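In terms of our numbering, the sequence shown opens at residue 1206 and continues consecutively.
Every residue, glycine too, gets a C-beta built ideally from N, C-alpha and C.
Predicted, not measured: the structure shown is a model, and the values here were computed from it.
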Amino acid sequence: MLWYEQLVESFLGLIRRLLKKQMPKEKIGRLIGFIRTYVYLGDSQLFHKFEEEIKLIIKNPAHMGIYEQILQIDKEDAEERGKAVGKAEVVTNLLNNTDFDIQTIASLVGESVDFVIEVKNKLHT
């Protein structure tokens, strides 16, 4: 068994144990979302296996609600990423089309000076 397969089995076992111990569904949903987003599970076949097993686990009537939690978390994450991209675009436009200083742009956009500097540095690379 490859270590990726062991990793998938470990994650699935952990999720089953957390469900058995009645861990709050929101926390389990966040864990699943974290694994999906940040953990490399090898080839797509293993990732597909992980997804299918998760579906089987949470389709159990006793665990309904976790899937909805995961969808909500994914939606919130996408909204946050969208807001960040949108703010970066506004900052870019202000940097390119106005004579405002960094502090003023940060204030207008509602972001930190560091955020504006980061966007500005990306423009010059």
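Taking 8 Å as the threshold (C-beta atoms), are residue j and residue i in contact?
i: glycine 1218; j: isoleucine 1275; result: no
i: glutamine 1308; j: valine 1324; result: no
i: valine 1296; j: valine 1321; result: yes
i: glutamate 1316; j: lysine 1292; result: yes
Specify, as a first and last residue, the run of the alpha helix (DSSP H) that residue i falls within.
i: glycine 1315; result: Per DSSP, glycine 1315 belongs to no alpha helix (DSSP H) and is neither H nor E.
i: glutamine 1211; result: 1208-1225
i: isoleucine 1243; result: Just to set this straight, residue 1243 is tyrosine in the shown sequence, not isoleucine. First-last of the alpha helix (DSSP H) with tyrosine 1243: 1230-1243.
Return the chain-ordered list of same chain residues with a C-beta closer than 8 Å to the C-beta of residue i, the five sequence neighbours on each side being excluded.
i: leucine 1299; result: Phe1305, Ile1310, Leu1313 and Val1314
i: serine 1249; result: none
i: isoleucine 1220; result: Ile1233, Leu1236, Ile1237, Ile1259 and Ile1262
i: asparagine 1301; result: Leu1328
Quick one: measure Cβ to Cβ for residue i and residue j, integer angstroms, because I've assumed they're closer than 8 Å.
i: leucine 1261; j: valine 1213; result: In fact, because the Cβ distance is near 13 Å, the residues do not count as touching under 8 Å.
i: isoleucine 1259; j: isoleucine 1237; result: 6 Å
i: phenylalanine 1239; j: leucine 1246; result: Actually they do not touch by this definition, with Cβ atoms about 12 Å apart.
Only counting the same chain, and skipping five residues up and downstream in sequence, which positions put a Cβ closer than 6 Å to that of residue i?
i: phenylalanine 1216; result: Ile1240
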